[in-house]
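Okay, structure first, notes after.
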Amino acid sequence: MTDALPAAVRPLFPALAREEDGRPAVFLDGPGGSQLPAAAIDAMAGLLRAGTANDGGVFATTRETVALMARARRAAAQLTGSAPEEIAFGANMTTLSFLLAHAVARTLQPGDEVVVTDLDHDANVAPWLTVAADHDLVVRVAPITAEATLDADALEALLGERTKVVAFTLASNAVGSITDARRIADAAHRVGALAWADAVHYAPHRRPDRGALGLDVLLCSPYKFFGPHLGLASIRRDMAERWPADRVRPASEDPPGHRFETGTPSFEALAGFVAAVDYLAGLGDGDLDAAYARIREHEDALSRHVLGRLSAVDGLTLHGIADPSLVAARTPTFCFTLDAATPRATTEHLARRGIFAWDGNYYALALMEALGLEDHGGAVRTGFLHYNTHEEADRLADALEELAATGAPPTTAVTPRRDEAPA
Ligand SMILES: Cc1ncc(COP(=O)(O)O)c(C=O)c1O
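With the first letter of the sequence shown counted as 1, position 127 gets the number 126 in numbering that gives the first Met the number 0; the numbers rise by one all the way through.
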């Protein structure tokens with residue numbers, strides 16, 4: 000049981016020094032957003048301090064902005080196994096998802112089909128339902144298995160000659176299950192459909208390498224992998240050039256990915272993003288694959304430990320892959336319910352102990368419905384990242400054992416409505 004990786008990196012993350020009631024805070028809300036290394040925070044502040052400007056002019060600050068955008072595209076391309084021309088930045092993944100779905104749908108015919116899955120966050124489902132209603136498309140839904148993994152056989156059975164898009168997640172933000180992206184991409188391509196992947200939850204844990212995974216479109220959110228609030232799409236070049244984008248007439252068509260960038264981007268977020276990718280690469284001495292291998296080694300050990308501890312908590316039901324020998328098929332994101340307390344009462348109990356965790360559906364709406372949890376307050380989600388420790392896992396398990404033994408006190412706190420909770 001080693002925490003060598005978190006010991007090395009935690010000092011780089013100012014927020015991880017935070018205390019709650021005299022004890023270190025435990026950040027288990029990673030699937031909702033990660034913390035940032037100081038280098039990324041400083042890069043954003045540094046840009047604004049040095050003087051910011053829009054791109055495309057001739058004076059010093061605007062030239063610096065143009066250079067920054069080129070650097071950000073190169074960093075995104077390197078991360079996603081793409082070319083810089085294939086990158087589009089946006090406000091967040093959801094916004095890019097709607098924008099790109101609208102563009103693709105304009106190229107489809109009534110009766111064409113889109114396959115979505117019950118494992119997905121709604122940001123990779125609702126855009127397809129919306130464009131299906133607008134363009135008379137048919138949406139088919141691939142189910143999950145009893146272990147809350149994607150039923151790939153059932154998905155393949157839905158594919159046919161009318162299938163034009165297979166929209167699926169690389170990893171579930173609720174239960175952590177990882178999908179077999181290669182298999183799904185190959186199946187989509189066999190029927191001439193696009194392989195369209197949500198890599199938002201995958202990216203902090205595995206490299207979101209569109210090229211290596213054989214995907215046509217990959218969407219992710221740098222704020223989940225140690226960067227600022229920002230969205231990122233990698234779109235196969237021929238498609239980025241061709242799809243009819245929503246754009247203002249004077250905006251440049253070059254590079255192709257830029258066609259999907261509307262208005263002025265957050266340049267400071269791009270500066271933070273470049274620093275975040277540098278941070279990630281630094282974990283592997285400049286090699287992103289080595290960095291992710293290092294992350295994975297720590298996270299797999301953490302997953303085995305957490306699964307062991309959670310399985311000993313009285314009345315705890317884990318939703319998702321529970322077998323410690325199968326951690327390769329999941330991220331260290333754990334979704335569970337307790338007999339002793341509702342999901343909200345459980346996260347309140349954890350919050351009183353300085354442990355930050357979500358309850359609800361985290362916008363994985365179809366999954367919560369499929370698990371029969373949506374009408375019962377959803378479930379608790381604790382998500383670990385490479386900077387989390389075994390000791391933090393023990394603090395979580397100890398707090399849950401205490402709750403299982405004593406039950407939850409009556410709720411006194413004023414709590415936000417479920418639909419106000421971020422994903
Ligand atoms: C798996 C997954 N997909 C999509 C999203 C939406 O991302 P964004 O907040 O960048 O719109 C989230 C956000 O939590 C997510 O976890």
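Glycine included, every Cβ here is placed at the ideal spot set by N, Cα and C.
Distance between residue j and residue i (C-alpha atoms, nearest Å)
i    : j    : result
P10  : A16  : 8 Å
I357 : H318 : Correcting the residue identity first, residue 357 is Trp in this sequence and not Ile. Spanning the two alpha carbons is a distance of roughly 15 Å.
T332 : A186 : 27 Å
P13  : P203 : 18 Å
D135 : R48  : 50 Å
P264 : E401 : 47 Å
R369 : G314 : Correcting the residue identity first, residue 369 is Ala in this sequence and not Arg. Straight-line Cα distance between these residues: approximately 21 Å.
L364 : A328 : 22 Å
N91  : L229 : 5 Å
D133 : G110 : 12 Å
P83  : A38  : 23 Å
P227 : V379 : 25 Å
T336 : T316 : 5 Å
E18  : V57  : 47 Å
A147 : V174 : 7 Å
Per DSSP, the bridge partner or partners of residue i
i    : result
H318 : C334
A166 : W195
I234 : V216
E19  : R22
T116 : A141
S96  : Per DSSP, none; premise fails for S96.
W357 : R380
F88  : L231
L149 : I143
R329 : S176
D28  : G382
Which listed residue (the options) has its alpha carbon closest to that of residue i
i    : options                   : result
A396 : T1, G55 and V305          : V305
P429 : H297, A398 and V57        : The structure shown does not extend to residue 429, since the chain spans only 0 to 422, so no value can be given for it.
Y362 : A38, N172 and R295        : N172
L399 : I354, A49 and E373        : I354
T106 : P83, V164, E160 and T148  : V164
D41  : R248, G307, Y278 and A311 : Y278
E160 : A192, I177, T405 and T51  : A192
Own chain, CB closer than 6 Å to residue i, minus 5 neighbours either side, in chain order
i    : result
A198 : L169, P207, L217 and C219
V273 : R70, A71 and A74
V413 : Legend: pLDDT at V413 = 49, less than 50; position of this residue unreliable, value from coordinates given subsequently. The answer is none, since no qualifying residue turns up.
V65  : D54
L78  : V276
Close Cβ partners of residue i (< 7 Å) along its chain, the five nearest in sequence each way excluded
i    : result
R246 : R258 and T261
D288 : R206
A3   : none
V130 : A100, H101, A104 and L136
S81  : R209, G210 and S233
Contact check, residue i vs residue j, beta carbons under 8 Å
i    : j    : result
F266 : P36  : no
V137 : V115 : no
A211 : G89  : no
P142 : A153 : yes
D179 : A194 : no
R394 : V25  : yes
H389 : L301 : yes
Same chain only: Cβ atoms within 8 Å of residue i, ignoring 5 sequence neighbours per side
i    : result
A102 : W242, P243, A244, D245 and F259
A407 : A339, A340, T341, A344, T345, E347 and H348
L95  : A87, G89, L218, G230, L231, A232 and F259
A392 : L301, H304, V305, R308 and F383
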